[in-house]
Amino acid sequence: MTLKEIKEGQSARVLTVGGSGALRQHFLDMGIIPGTDVKVVKYAPMGDPVEICLHGYELTLRLDDADKIEVEPTTDTVRQKAEAPKAVSEHLGLGEGGRFHPKGSGDPLPEGTMLTFALVGNQNSGKTTLFNQLTGAKQHVGNFPGVTVDRKDGAILGKADTIITDLPGIYSMSPYSSEELVSRNFVLQEKPKGIINIVDVTNIERNMYLTMQLLEMDIPVVVALNMMDEMTGNGGSVDVNAMEAMLGVPVVPISAAKNQGVHELVDHAIHIAKYQEKPQRQDFCDENDHNGAVHRCLHAVIHLIEDHAKAAGIPVRFAACKAIEGDQLIIDQLRLDENEKETLEHITLQMEKERGLDRSAAIADMRFSFIMKVCDACVTKPGESREHERSRKIDRVLTGKHTAIPVFIAVMGLVFFLTFNVIGAWLQGLLETGIDALTAVVDSALTAASVNEVLHGLIIDGIFAGVGSVLSFLPIIVTMFFFLSLLEDSGYIARVAFVMDKLLRKLGLSGRSIVPLLIGFGCTVPAVMSTRTLPSERDRKMTILLTPFMSCTAKLPIYAFFVDAFFPRYKALIMIGLYVLGITTGILVAFLYKKTLFKGEAVPFVMELPNYRLPSARNTLQLLWEKSKDFLQRAFSVILIATIVVWFLQSFDFRFNLVEDSQASILATIAGFIAPVFAPLGLGDWRIATSLISGFMAKESVVSVLEVLFGAQGGVAAVISTLSALSLLVFSLLYTPCVAAVASVRRELGRKWALYVVLWQCAVAWIAALLVRLIGLLIGLL
Ligand code: GDP
Ligand code: MG
C-alpha cells in the first residue's frame with residue numbers, strides 16, 4: 003500500500019520511494035528513505051495535502067506525492083519516549099584550546115587576511131537570529147549575483163577582517179531549488195574560509211543531513227547546535243565532546259535567541275578559519291554497513307575521479323557522491339571521458355545490486371545511518387518537548403478540519419483592519435501631515451526667497467507632491483510587514499500554506515502563494531516584496547504577475563468617485579463586484595499562465611511545519627528596518643525621476659514654454675494621441691486619458707487629476723455616459739499597477755517582466771472594459 007492510504011494517527015514504514023528527478027531527491031533529502039518510520043498526523047481541511055511526522059519532525063506532502071511512497075503499516079509510534087540521560091562531559095573548548103595542533107603552532111593565515119564565512123543551515127534553524135546576533139545592525143542586504151535570492155553580508159561584531167554571508171535556508175546541497183544551487187555555488191566557487199553550520203538541535207537528525215554534505219566540502223566547518231535552551235529545558239542533552247570526536251569538527255552548543263554560546267562560536271569559527279582546520283573526517287561510509295557496498299563504491303569512484311575533481315576545483319568526496327547520485331551539473335564539470343563515465347556507471351550499478359537500493363537512496367541512507375550512529379552515541383532526546391506539545395495543541399485549532407479556514411479569514415481580516423484602518427492609517431496620517439507641513443514651509447521659503455517660478459514648481463508640485471505621496475505609503479508597508487513577519491516567524495504561514503494548498507494548486511500555484519496574493523488587496527508593493535519567501539522561482543514569478551489583479555486600496559478613491567457620481571444607489575454592490583471581477587480575472591489569467599508561460603511542473607510541495615515559536619523582537623525590528631530602507635531607496639531613485647518627468651510633461655509645451663492651462667502641455671498632447679485608444683470604450687476625452695496616465699504615478703491621482711480637469715463630479719458626468727463610467731471602473735481596476743509597484747516588480751524579476759506587467763495589464767484591462775461596454779450595449783444599458 004502507499005502512504006496515501008494510511009489513516010490519520012497511524013504509522014507505517016517506508017518500503018520504496020517512487021517518483022523521479024527533483025521530487026524524488028527532495029523526498030530522500032528530507033529523510034523519506036526506505037526503512038524510515040513515518041506517522042500520518044492529519045489531512046488538511048480540504049483533504050489534501052497530508053501532514054506526516056518522521057525523524058521527529060513534521061512534513062507536508064501532497065496526496066499525489068504520498069501515493070508514490072510504498073509503505074507497510076506498523077504499530078509503533080515515531081516519537082520516542084524520554085531516554086535515560088547519557089553521560090555528558092565538560093566541553094573542552096576544542097579549537098581555540100588547540101586540540102588539533104599545539105597552541106601557538108600551526109600555520110595560520112597571514113594577519114589581515116579577510117576571513118570569509120558562510121552561514122548555512124536548514125530553514126527555521128535560527129539562521130536569521132544568529133546572523134543578527136553576530137553582525138548587529140551593520141549588514142549589507144542585496145541579491146546573489148544573477149538571481150533574486152536575498153543575500154546578506156556583515157562583519158562579525160568586534161572582529162576585524164571578518165565577513166559572514168547568510169546563505170538561503172536549505173536542506174541539502176542538491177541542485178534542485180535555486181536556493182540550494184546558490185548555496186552550493188557559493189561554497190564551491192567563492193570558497194569561504196570557513197562554514198558556520200547552524201543545526202536545530204531539537205530536530206537534529208534532519209538538520210545533520212546537510213552537515214554531512216558540508217563536511218565533504220573540504221572547508222573548515224564549525225557546527226552550532228542551536229535551540230539548546232529548548233533541548234535542555236525539556237530534559238535532553240548532547241555530549242558535545244563525543245560529537246566533536248565523531249564529526250571531526252568543533253561543535254558549539256548555543257541559543258541564538260538568548261545569545262548564549264555565541265561568543266564561543268565566534269572564537270571557534272575564527273580559529274578554524276585562521277588555521278584552516280578542515281574537517282578531520284569525511285569518510286562516513288561504513289565498511290561493515292550492508293557488506294560495505296556503498297563504502298566500496300564511493301571509494302572506487304573517489305579514486306576514479308580524483309584527478310578530474312582536482313582539475314575542476316571540486317572537493318573530491320563531494321564530487322564522488324554527486325557523481326554517484328547522477329548530478330549532471332557536477333558530472334559535466336568533471337569532464338570525464340567515455341571510459342570513465344562507463345566505469346562510474348558500472349561501479350554504481352554493482353553497488354545498487356549489492357545494496358538493494360537505487361543510487362540516490364543508497365547515498366541518502368548512508369548519510370542517515372551515520373547520523374543515527376552519532377545521535378545514538380551523543381544525544382539524549384527529551385520526551386515530547388513542551389514546545390512541540392504546545393504546537394500540537396495550537397494546530398488542533400489552526401489547522402483543524404472545521405476551524406482552520408475561519409481562523410485564517412479572521413487572522414487576515416484583523417491584520418488588514420489593523421494595517422489599513424488603525425495603526426498603518428494613523429501613522430500614514432501623521433506622516434502626511436508632516437509632509438504637508440514641510441511642503442508648506444519649503445513653499446513659503448521659496449516664495450520668500452523669490453526663487454525662479456519653474457524651479458519652485460518643480461520642487462513643490464513635482465518632487466514634494468510626487469515623492470511625498472509615495473512616501474506616505476511607508477507606514478502601511480512597514481505595518482504590513484510587521485504583522486507578516488510575526489506570522490512568518492511564528493510558523494503560522496507554513497500552516498496557511500498547508501491549509502490552502504489544494505485551492506491554489508488548481509491555479510498551478512502552491513499554498514505558499516496565498517500570502518502575497520492577500521497582501522495584494524492592501525498594496526501591490528509589499529505583496530511583490532513578500533514573494534521572496536516562496537521557494538520556487540516559477541511560483542514566485544507567477545505569483546508576482548497575479549498580484550496586480552488583486553484590487554489595491556489606492557484604487558478605492560477612484561471607485562468612490564465614480565460610484566458617487568453615477569451609481570449612488572448601488573454603491574456596495576458595485577464595489578464588491580469590482581473586487582470579485584479582479585479576483586475572477588486573476589483566476590482566468592492564472593489558468594492561462596498555467597497553460598502557456600508557466601507550463602512547467604509546480605515544485606513539489608514538501609514543506610516542513612516547524613514548531614510555533616515566539617518571534618524575537620530583534621529579528622522583527624531588523625526586518626522592518628531593512629524593508630523601510632529598501633522602500634526609501636526606491637522612493638528616492640526610480641520614483642523621484644519618474645515624478646520629475648511627469649511634472650515636466652504636464653508643465654511645459656513642446657516649445658518648452660511653461661503652460662498656464664494644462665491642456666496645452668506635452669502631457670495633454672500625448673494624452674490626445676492616446677485618447678483614441680480609449681474611444682472604443684466610450685472614454686475618448688483627453689482629460690480621461692490624462693487622468694489614467696497620471697494613475698500610473700499613483701492610483702489616487704486619477705481622482706485628483708479628474709477633479710482638476712473637470713471641476714466637480716458633475717463635469718465628468720456631462721462628458722461620459724453611465725456605461726462608459728462602468729467601463730472606466732473596470733479599466734481602472736485592471737490596468738497597469740502604479741510606478742511603485744512596477745518598480746518593485748522590476749526589482750524582483752527584472753526590466754523585461756516589469757514592462758510586460760505594464761503592457762499586459764493594460765491589454766487585459768482594455769479588453770475587459772470593452773467587453774463590459776459591448777455587453778452593456780447589447781442589453782441596452784445606456
Ligand atoms: P531561519 O529561518 O533559519 O532564519 O530562522 P529564524 O532565525 O527566523 O528563527 C526561527 C524561529 O526560531 C524564530 O521564531 C526564532 O525566534 C526562534 N529561535 C531562533 N533561535 C532560537 C533559540 O536559540 N532558542 C529558541 N527557543 N528559539 C529560537
Ligand atoms: Mg530567516
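Residue 3 is where the sequence shown starts when you use this note's numbering, and the numbers rise one by one after that.
The C-beta atom is built at its ideal place from N, Cα and C for all residues, glycine as well.
These numbers were taken from a predicted model, which means no experiment stands behind them.
Beta-carbon proximity list for residue i, same chain, < 8 Å, skipping 5 on both sides
{"i": "T587", "result": "F551, L736, V766 and A770"}
{"i": "G493", "result": "N126, S393, L611, P612, N613, Y614 and R615"}
{"i": "I722", "result": "G684, L685, D687, I690 and L730"}
{"i": "T18", "result": "P36, I71 and E72"}
{"i": "E662", "result": "none"}
{"i": "M214", "result": "F286, R369, F372 and I373"}
{"i": "E798", "result": "Residue 798 is absent from the structure shown; the chain starts at 3 and stops at 784."}
{"i": "L433", "result": "L473, S474, L476 and P477"}
{"i": "D31", "result": "Y173, S174, S176, Y211 and A366"}
Cutoff 6 Å; reference residue i; Cβ partners in own chain excluding five residues on either side
{"i": "L642", "result": "V469"}
{"i": "A68", "result": "L5, K6 and V52"}
{"i": "G20", "result": "K70"}
{"i": "I576", "result": "V565 and F569"}
{"i": "P281", "result": "L217, V223, G250 and V251"}
{"i": "L1", "result": "Because the chain is modelled from 3 through 784, residue 1 falls outside the range shown and cannot be assessed."}
{"i": "L267", "result": "A226, V254 and I256"}
Span separating the alpha-carbon of residue i from that of residue j
{"i": "A592", "j": "T549", "result": "11 Å"}
{"i": "R186", "j": "P317", "result": "12 Å"}
{"i": "T62", "j": "D397", "result": "14 Å"}
{"i": "H292", "j": "I349", "result": "16 Å"}
{"i": "K403", "j": "H390", "result": "20 Å"}
{"i": "N261", "j": "T167", "result": "19 Å"}
{"i": "A366", "j": "L346", "result": "18 Å"}
{"i": "I272", "j": "I462", "result": "53 Å"}
{"i": "A496", "j": "R388", "result": "20 Å"}
{"i": "V40", "j": "L773", "result": "54 Å"}
{"i": "E750", "j": "G431", "result": "29 Å"}
{"i": "H301", "j": "T77", "result": "39 Å"}
{"i": "K355", "j": "P518", "result": "48 Å"}
{"i": "V303", "j": "R319", "result": "9 Å"}
{"i": "T671", "j": "L132", "result": "57 Å"}
{"i": "F698", "j": "V741", "result": "6 Å"}
{"i": "F600", "j": "A406", "result": "30 Å"}
{"i": "I646", "j": "I465", "result": "6 Å"}
{"i": "D623", "j": "T533", "result": "One detail in the question is off: residue 623 reads as Leu in this sequence, not Asp. Their backbone Cα atoms lie some 20 Å apart in a straight line."}
{"i": "K504", "j": "V608", "result": "13 Å"}
{"i": "G160", "j": "S471", "result": "41 Å"}
Boundaries (first-last residue) of the alpha helix (DSSP H) holding residue i
{"i": "P477", "result": "L476 to S492"}
{"i": "I576", "result": "K573 to K597"}
{"i": "A439", "result": "I425 to A450"}
{"i": "A677", "result": "I668 to F680"}
{"i": "T62", "result": "Taken as a continuous stretch (DSSP letters only), T62 belongs to no alpha helix (DSSP H), being part of the beta strand (DSSP E) at Y59 to L63."}
Span of the beta strand (DSSP E), counted from its first residue to its last, around residue i
{"i": "E662", "result": "Unbroken run through E662: none, as it is neither H nor E."}
{"i": "K41", "result": "D39 to Y45"}
{"i": "F119", "result": "L117 to G123"}
{"i": "E610", "result": "M609 to L611"}
{"i": "S471", "result": "Per DSSP, S471 belongs to no beta strand (DSSP E); it is in the alpha helix (DSSP H), A467 to L473."}
{"i": "P518", "result": "Element bounds for P518: not the beta strand (DSSP E) but the alpha helix (DSSP H), I516 to G522."}
Proximal residues to residue i (C-beta, below 7 Å), its chain only, five neighbours per side dropped
{"i": "G100", "result": "Only weak support is given to the placement of G100: the predicted model assigns it a pLDDT of 40, under 50, and the question is left unresolved by the model."}
{"i": "A673", "result": "W688, A691, T692 and I695"}
{"i": "L660", "result": "V456, S653 and F654"}
{"i": "K276", "result": "P110, L111 and L117"}
{"i": "G459", "result": "S653"}
{"i": "C764", "result": "Y737 and T738"}
Distance cut-off 6 Å: residue i Cβ against heavy atoms of the ligand ADP
{"i": "Q125", "result": "Ligands displayed in this structure: the ligand GDP and the ligand MG; the ligand ADP is not among them."}
*asked:* Which complete alpha helix (DSSP H) runs does the stretch 160–233 hold, if anything under 4 residues is left out?
replied: You should have 180–187 and 206–217.
_Runs of 4 residues minimum, wholly inside the stretch 322–353: which ones carry the alpha helix (DSSP H) assignment?_
If we require 4 residues or more, the alpha helix (DSSP H) runs fully inside the stretch 322–353 come out as 330–336.
_Pairs of beta-carbons, one from the stretch 477–493 and one from the stretch 421–429, closer than 8 Å: are there three or more?_
Three or more beta-carbon pairs separated by less than 8 Å link the stretch 477–493 to the stretch 421–429, which places the two stretches in contact.
*asked:* Runs of 4 residues minimum, wholly inside the stretch 696–748: which ones carry the alpha helix (DSSP H) assignment?
replied: Fully enclosed alpha helix (DSSP H) runs of 4 or longer: 702–712, 715–721 and 724–736.
_Between the stretch 198–212 and the stretch 119–136, can you find at least three pairs of beta-carbon atoms closer than 8 Å?_
Output reads yes: the stretch 198–212 touches the stretch 119–136.
*Touching or not, the stretch 330–337 and the stretch 237–251, by the rule of three or more beta carbon pairs under 8 Å?*
Fewer than three Cβ pairs drawn from the stretch 330–337 and the stretch 237–251 lie within less than 8 Å of each other, which leaves the two stretches out of contact.
*Are at least three pairs of beta-carbons, each pair with one atom in the stretch 236–245 and one in the stretch 400–417, less than 8 Å apart?*
Verdict: no, contact absent.
_Would you call the stretch 502–522 in contact with the stretch 703–711, where contact means no fewer than 3 C-beta pairs closer than 8 Å?_
Segments in contact, no.
*Which runs of the beta strand (DSSP E) fall wholly inside the stretch 245–294 and span at least 3 residues, in chain order?*
253–255, all fully within the stretch 245–294.
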